[in-house]
Structure formats: C-alpha cells, structure tokens
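Trainee: Questions regarding the structure given below will be posed in turn.
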Amino acid sequence: MTFNMWIKKQKDIYGELQNQQYDSPKKQWEFFDNRINCVLGTARHSEQSYEGMFQENKDSRNNSKKEEEAKRGRKHLDEDIEFGEEEQKFFRKIFEMFPTSEKLTLIEEDKWEEFNIEDRLELFNIAVDMLENNGYWFPLSFGNWDLCNQWAGGKYQCKEDELEAKLFFPHMYRIKSKLIELKGEMLQYSELNKDKLIDEEKKFEQDLDRYLSILDSRATEMSFIQRVNKKIAKIQQLRCGLFREERLREETDEREIITEEDRYFEAGLDRYLNWLDEDKNGIDYARRIINKIEYIEKMWSIYDVRYSSAQINKNLDISELKITIPEVILEANEDIYNRYCKLGEKMEQDSKEDDVFEEKLKEYIELLRKAGERQRFGKEYIEETAKKYAKKFNKNVNIKN
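Taking UniProt numbering, the leading residue of the sequence shown gets 1, the next gets one more, and so forth.
Written out as structure tokens, the structure is:
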C-alpha cells in the first residue's frame, strides 16, 4: 500500500484535509512535511515518497549509483516499499495532535508544553518504533555536534535524545538551542572590534549570571549561603592568591527566603568575578559568555564527554582524500542521565524564571545580529564608495580589514 492509497481510506483525515483546502496530493504532502520536520527535524526530498523517506539511509548503503542518479531514480526505488503499519500509526498521530495551523505554529516554536504529556509520550514511542523498524539512524548529539559515521547519502538523520528533550523538556530544549546559537555569535564577536561593553551587554551578562545561580541551585541543591561562600572563595583566590577550602553547611534550610538585598549582593559578587576574570586571567567578555554556555551545556548533557580526532576517507571520482576531523566521544552514564531528567522535570514544574531568561536571551541574540548587520553594511558601503571614487580618479584603492 502507498501513502496516497492509505490516506484516501482514512475518511476522517482525508475529509478534514479537504475541508482545510488540502485538496490535492501535493498539498497533503505539504501538510505532513511541515509537521514531520518539526517533530523529527528531517525533510523529505521533493523527488521522494513517504514510503521510502525513512529508509533513505538503508537504501543509500546498498545503492551503487551516484547521488544524482539516485535522486532521479528515487520514485522508482520507492515503488517496492510498503507504507507500513508503523508509518500509518505515526502519520495518524501527527494528524490527531496537530490538525490545525495553530497547532503547527506551536510546534514550529517548540512550545511542546502546550500538549498533553500522554500524547507526547505516545508520539515519542510511535516515532521510535517506526524509525527503528526502518533501520533509521540515531546519531548522538552534544551541543552543536551531530555525531555519526558520515557516508554518501546519509543526510536524513533523527536524534533520539533530541526528540526526547524536545517533547518532554521543551523549556530546556529551547534555551539550549538559543544558547548554542549565541555561542556561534560570540565566536564572531571579536569582529565587531568593540573597545568597551555597551549597557545591553553588561545587563545580559548579569542576567546570565543570575540564571546560572538558579541552575546551580537546581542541579546541586546549593543554598544561597553556599553559593556566596563559593564565590567569595574564588574572589580570594583570584584577588589575593589565597586558596580557601569552601566550608559548606551539611544541612540547609529548605524554607530559605532570599531577599532583594541578597540578590543585589550576589549580583555584585558576580560582576566583580567577571572583572577579575578579565583583569587577572585575560578572559574577555565573549570568552566569558562562551565558558558559561559550555558550563550549562555540560550540566544539561546526558553523556560523559571525551575529545579526540578521527580520520575519514572521502571518495572522489579522481582520487581518495584522507581527512582528519575532531571527534567527540560520548559514553552513556545512568547517573548523568538521571540528573538530566531531574533537572528537566524541575524546570517543567516551575518555569517562570526560565521563561524570563529565554525572552532576554532571544532579545540579546537579535541585538547581536543587528549589530553585526550594521557593521557588515558599514564596511561594504565604505568599500563600494572608495572603489567608485578610485575609478573616477583612475586609482587603485586597497581597503584593509
């Protein structure tokens, strides 16, 4: 059975799609394409059927044709593949959970907390069963790494741990995605050639420090007094060269009330530590932000992480090249995974602080983008103006970066 045959037999789905003006096969594919991309983060090739979409990896291994030939013959290759029971369950669940454009908008924004937890769990189990049945790959992911053995045609990938985070810990997933995006912006930050921080950047670092204190409290159940003692010990070490062993109370008061004065005091310690990091260790603003993002990434990871390198062979028509690439080795660890789940559950139970930080993070990324665009536009304008006048006076002008 093909997808087109199956959907026509589903009177409820087919009728509702017709009512929403999805009245042709092309429009019906568009309906499911958008939703599958939000759930699995993978897109169907325009020349590919749903019967073969999730078997792309398996087919590519056995296919000796060149990639372009495989694409042109995609429909022919799919003719012998059944639209099986697992696929039918998955597509029905997709329709039941996201029948309208309003529901689609929610998953486009990864607002998975708006959906019933039982529905999310059922969708996760159905998706995993379907993909595993088709021999679909599950590359592990850490930060912005996609880890798998790359081979020709291995373009359609689903990350099982990412799917789990997206469905069950959406606040963590959204913030982590934005932090990875910010990390990329920070790597380009030096190109802005700033002599001093603007007020928005100072304010964001304060917001990030406050959020780190919240995460530390969740992850280690560290009290306000314990956090302050830890920061004072670091200040003594950086400023005075004194190493003081942190003395933490064995028991903390669960009814601890933190006042605004407490928060101001801790924020002052954070600002002073940031200054010391730059003054004593030479760690500038961009590097501090990256370090803090990587601290959060490690806190939210579900693996033990080791760094190495590996050689891969890239087959070309004329020659064979050996390329050395960075490799991140991830090892499953039950204790780390349990901690990750516990953090995610705490966040979903009370996400007020996370929502506030997510909005500030979004605003700051937008600010950085606009600053980068202005800087690039200004540089291009100067170069074009210089070239125009150079041509007018028949002179060669070299613009230095």
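Beta carbons are placed, not taken as given, at the ideal position from N, Cα and C, and that holds for glycine. All values reported here derive from a predicted model rather than from experimental measurement.
Please go through the segment 165 to 230 and give each complete alpha helix (DSSP H) segment of 4 or more residues, from N-terminal end onward.
Mentor: Within the segment 165 to 230, the complete alpha helix (DSSP H) runs of at least 4 residues are 170 to 187 and 199 to 220.
Trainee: Apart from the five residues just before and just after Gln20, which ones in its own chain have a Cβ nearer than 6 Å to its Cβ?
Mentor: Excluding positions up to five away in sequence, the list is empty.
Trainee: Between the segment 287 to 299 and the segment 228 to 237, can you find at least three pairs of beta-carbon atoms closer than 8 Å?
Mentor: Touching, no.
Trainee: Can you have a look at Val39 and say buried or exposed, based on whether 16 or more other CB atoms are within 10 angstroms of its CB?
Mentor: With 16 or more other Cβ atoms within 10 Å, it is buried.
Trainee: For a minimum of 4 consecutive residues, which ranges assigned as the alpha helix (DSSP H) are wholly contained in the segment 14 to 63?
Mentor: With a minimum length of 4 residues, the continuous alpha helix (DSSP H) runs that stay inside the segment 14 to 63 are 25 to 40, 50 to 53 and 56 to 62.
Trainee: How is the alpha helix (DSSP H) around Lys111 delimited, first residue to last?
Mentor: Segment: none, Lys111 is in no alpha helix (DSSP H) and carries neither H nor E.
Trainee: Check Asp304 in the structure and name its three-state DSSP category.
Mentor: If DSSP states are grouped into helix, strand and coil, Asp304 belongs with the strands.
Trainee: I'd like to confirm something about Arg35: is its beta-carbon nearer than 8 Å to some heavy atom of the ligand FMN, or not?
Mentor: Although the ligand FMN was asked about, the structure shown includes no ligands whatsoever.
Trainee: What do you reckon, are the CB atoms on Lys178 and Glu358 nearer than 9 Å?
Mentor: In this structure, Glu358 lies closer than 9 Å to Lys178 by Cβ.
Trainee: On the three-pair Cβ rule with 8 Å, is the segment 25 to 37 touching the segment 109 to 122?
Mentor: At 8 Å Cβ cutoff, the stretches do not touch.
Trainee: Answer yes or no: do Pro25 and Lys111 have a C-beta to C-beta separation smaller than 9 Å?
Mentor: Their beta carbons are not under 9 Å apart, which means Pro25 does not touch Lys111 by this criterion.
Trainee: Consult DSSP for Glu82 and reduce its assignment to one of helix, strand or coil.
Mentor: Coil at Glu82, not helix or strand.
Trainee: Is the beta carbon of Ile13 less than 9 Å from the beta carbon of Leu182?
Mentor: Cβ atoms of Ile13 and Leu182: not closer than 9 Å.
Trainee: So is Tyr295 buried or exposed if we call it buried at 16+ other beta carbons inside 10 Å?
Mentor: The residue is exposed, with fewer than 16 neighbouring Cβ atoms inside 10 Å.
Trainee: Any chance the segment 95 to 106 sits against the segment 331 to 349, with 3 or more Cβ pairs inside 8 Å?
Mentor: No, because fewer than three Cβ pairs between the segment 95 to 106 and the segment 331 to 349 fall closer than 8 Å, the two stretches do not touch.
Trainee: Which residues mark the beginning and the end of the alpha helix (DSSP H) in which Gly344 is found?
Mentor: First-last of the alpha helix (DSSP H) with Gly344: Glu334 to Gln349.
Trainee: Which one of Met172, Arg369, Phe265 and Ile258 has the shortest CA to CA distance from Val356?
Mentor: For the residues Met172, Arg369, Phe265 and Ile258, the minimum Cα distance to Val356 belongs to Met172.
Trainee: Measure the CB-CB distance between Glu297 and Lys176 and report whether it falls below 9 Å.
Mentor: For Glu297 and Lys176, yes; Cβs fall inside 9 Å.
Trainee: What does DSSP give as the partner residues of Glu366 in its beta bridges?
Mentor: Note: Glu366 sits in no beta bridge, so no partner.
Trainee: Can the beta-carbon of residue 428 be found closer than 9 Å to that of Phe168?
Mentor: The requested residue 428 is not part of the displayed model; the chain covers only 1 to 401.
Trainee: Measure the alpha-carbon distance for Ala165 versus Thr105 and round it to whole angstroms.
Mentor: Their backbone Cα atoms lie some 19 Å apart in a straight line.
Trainee: For Asp262, collect the residues of the same chain with a Cβ closer than 8 Å to its Cβ; drop the 5 residues on either side in sequence, then sort them by chain order.
Mentor: These residues qualify, in order along the chain: Phe224.
Trainee: Among Arg92, Phe204 and Glu160, which has the Cα closest to the Cα of Leu131?
Mentor: The residue with the shortest Cα to Cα distance from Leu131 is Glu160.
Trainee: For Arg369, does the count of other Cβ atoms within 10 angstroms reach 16, so buried, or fall short, so exposed?
Mentor: Arg369 is exposed by the Cβ-count criterion.
Trainee: Answer with buried or exposed for Ser46, where buried requires no fewer than 16 other C-beta atoms within 10 angstroms of its C-beta.
Mentor: Ser46 is exposed by the Cβ-count criterion.
Trainee: What span of residues does the alpha helix (DSSP H) with Met130 cover, start to end?
Mentor: Here the alpha helix (DSSP H) through Met130 covers Ile117 to Asn133.
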